[in-house]
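Take a look at the structure below.
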Amino acid sequence: FDASGVDPLSRTMASAATFAGMTRMTMEAAAELCGGRLVLVHEGGYSEAHVPFCGHAVIAALAGSPIDAGDPFAARLDFQQPNADFLAYQTGLIDRIADSLGIPGH
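Each position in the sequence shown, counted from 1, maps to that position plus 1 in my numbering.
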């Protein structure tokens, strides 16, 4: 959970919801690519205050559990996310680079 928005070493702005979403996307890819087999290993994450919420979100996603422990840092992390103008610029830049490289789907 080094990508946690409150990890003292990285602060990559990921919330518990981010980790849950990445878990669901990984599960979808595993279902399509390898019969649903998936291995997760916990290494890292140095925020003793945030790791439990991120870990719970991952386990809940894996289990299909509706239980949500919440994220006490969610409001702060949401506030720190890039705004729509920045995201549009970033998406446009990525699309232009992909087009120039001939990457399909862009």
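Glycine residues also receive a C-beta, built at the ideal position from the N, C-alpha and C atoms.
Check	Outcome
By DSSP, does S66 sit in helix, in strand, or in coil?	coil
Leaving aside the five residues before and after F2 along the sequence, list all residues of the same chain whose C-beta is less than 6 Å from its C-beta, in chain order.	G46, V52 and C55
Measure the alpha-carbon distance for A21 versus A61 and round it to whole angstroms.	8 Å
In whole angstroms, what is the alpha-carbon distance linking G65 and A4?	23 Å
Keeping to the same chain, check which residues put their C-beta closer than 7 Å to that of L102; ignore five residues upstream and five downstream.	none
With which residues is S16 paired in a DSSP beta bridge?	None, per the DSSP bridge assignment.
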